[in-house]
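Read left to right, the sequence shown gives residues 4 to 49 (this note's numbering).
Cβ atoms here follow ideal geometry from the backbone N, Cα and C, with glycine treated the same way.
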Amino acid sequence: MWYVKQIEEQVRSFYENRPKSDIEDEQEWLEFVEDQIEEVWNADGL
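Written as C-alpha cells, this is what we have:
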C-alpha cells in the first residue's frame, strides 16, 4: 500500500509541475486530432 501511495504522489507531482509549454503543446495536438476525427467522420457520413 505504501508503494501505491508513493507512485500516486509522484504522478500527481509530475502533472502539477509541468511546464506551460508542455501543456500548450498537448492542447495544440488535441485540437489537431479533434479536427482529423471530424474530417474522417464527415467523410464517412457520420
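Tell me where the alpha helix (DSSP H) around residue i begins and ends.
i     : result
ASP47 : From DSSP, ASP47 is part of no alpha helix (DSSP H); its letter is neither H nor E.
In this structure, does DSSP put residue i in helix, strand or coil?
i     : result
ARG15 : helix
Could you check whether the Cβ of residue i sits closer than 7 angstroms to any Cβ belonging to chain C?
i     : result
GLN13 : Looking at the structure shown, chain C is missing, and only one protein chain is on hand.
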